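Peer 1: The structure under discussion is supplied below as structure tokens; questions concerning it will follow.
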Amino acid sequence: MLKQGKILLVALFCIFFIQIQAQVVKPVEMADTMRSNGKIYVVVAVILTLFAGLIFYLINLDKKISRIEKDVD
Numbered sequence: 001m002l003k004q005g006k007i008l009l010v011a012l013f014c015i016f017f018i019q020i021q022a023q024v025v026k027p028v029e030m031a032d033t034m035r036s037n038g039k040i041y042v043v044v045a046v047i048l049t050l051f052a053g054l055i056f057y058l059i060n061l062d063k064k065i066s067r068i069e070k071d072v073d
């Protein structure tokens, strides 16, 4: 019971600390500049393209591995 109380206390402290840090952080000027110039959309598009390519690669790799596993059995 004492161990669970300590874990709960640490978890609450972490949540409280994260909330305080989130309120103290200053806005990022670079993001505001990129957003005002419209370049942030290019960055988002590139990141989404990379993630989509990675997901596509992983799906194809999973299919190939499944096919090889069937051949081995």
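For the sequence shown, the positions run 1 to 73 when the working numbering is used.
Think of the CB as a built atom: it goes at the ideal place given N, C-alpha and C, for glycine as much as any other residue.
Quick caveat: nothing in here was measured; it's all calculated off a predicted structure.
#1: How is the alpha helix (DSSP H) around residue 38 delimited, first residue to last?
#2: Where residue 43 and residue 19 are concerned, what is the direct C-alpha to C-alpha distance, given to the nearest angstrom?
#3: Inspect the beta-carbon positions of residue 40 and residue 31 and report whether they are closer than 9 Å.
Peer 2: So, from the listed chains and residues:
#1: Counting along the chain, residue 38 falls outside any alpha helix (DSSP H), and DSSP gives it neither H nor E.
#2: 28 Å
#3: yes
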